[in-house]
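Peer 1:
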Amino acid sequence: MADETLPFWKTKKLSEMSLQEWDSLCDGCAKCCLHKLEDQDSGDLSYTDVACRLLNIGACRCENYVERTFVVPDCIELMPTNLNVLRWLPPTCAYRLINEGKELYWWHHLVSGDREDVHKERVSVRGRAVPERRAGDLEDHIVHWPEDGYQ
Ligand code: SF4
Ligand code: SF4
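Start counting the sequence shown at 27; every next residue gets the next number (the working numbering).
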């Protein structure tokens, strides 16, 4: 029997979570909303600091979450069944961490109780991303910080 003193993400599989529980796992970092580039020859992926046109960079929130995959066709909806193949998910992403059997970091709002901690710890894109309309060539915007783990 599940230990009821433990939080849901420690007792349930991702596929067993309610929609509300699933949605609450997102830490709001918005690193998944940055454009990525794929090397045609090697297949290697690089992050850029250029935000998707629907991202409110200050709030780290999608401006049209409900219709996002219609408005931005390459926006990929995370599901328990596709986490293993989405190799661009940042190492701090809560879905990736749980899927890999790891702990959430202390700054995750479900642990700390404060949705601002992800920003205070500079894990999110707030203050670091560039709006798509002002970016120009994506190749000039390759960055590595979205792939950094949390020390
Ligand atoms: S990277 Fe993961 S935790 Fe961060 S905003 Fe995207 S889905 Fe949420
Ligand atoms: S459409 Fe919304 S959720 Fe999808 S990448 Fe853009 S900002 Fe992020």
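Here a beta-carbon is modelled for each residue, glycine too, at the ideal position from N, C-alpha and C. None of the values given here were measured: they were computed from a predicted structure.
Which class does HIS61 belong to by DSSP, given the choice of helix, strand or coil?
Peer 2: strand
Peer 1: For GLU7, I'd like the list of residues in its chain whose CB is within less than 7 Å of its CB, leaving aside the five on either flank, ordered along the chain.
Peer 2: With the chain represented from 27 up to 177, any question about residue 7 goes unanswered, as that position is not in the structure.
Peer 1: Indicate, with yes or no, if ligand 1 has a heavy atom lying under 7 Å from the CB of ASP53.
Peer 2: yes
Peer 1: On the DSSP bridge assignment, give the partners of ARG154 in chain order.
Peer 2: Partner(s): none; ARG154 has no beta bridge.
Peer 1: What first and last residue would you give for the alpha helix (DSSP H) that runs through TYR121?
Peer 2: 120-125 is the span of the alpha helix (DSSP H), which, as asked, contains TYR121.
Peer 1: Regarding LEU40 and ligand 1, is the C-beta to nearest heavy atom distance less than 7 Å?
Peer 2: no
Peer 1: Got a list of residues with beta-carbon closer than 5 Å to any non-hydrogen atom of ligand 2, in chain order?
Peer 2: Going along the chain, the residues that qualify are CYS59, CYS78, LEU80, LEU81, CYS88, ARG94, VAL98 and CYS101.
Peer 1: Nearest CA to the CA of ASP49: which residue from GLU89, ASP29 and TYR121?
Peer 2: When each option's Cα is compared against that of ASP49, the closest is TYR121.
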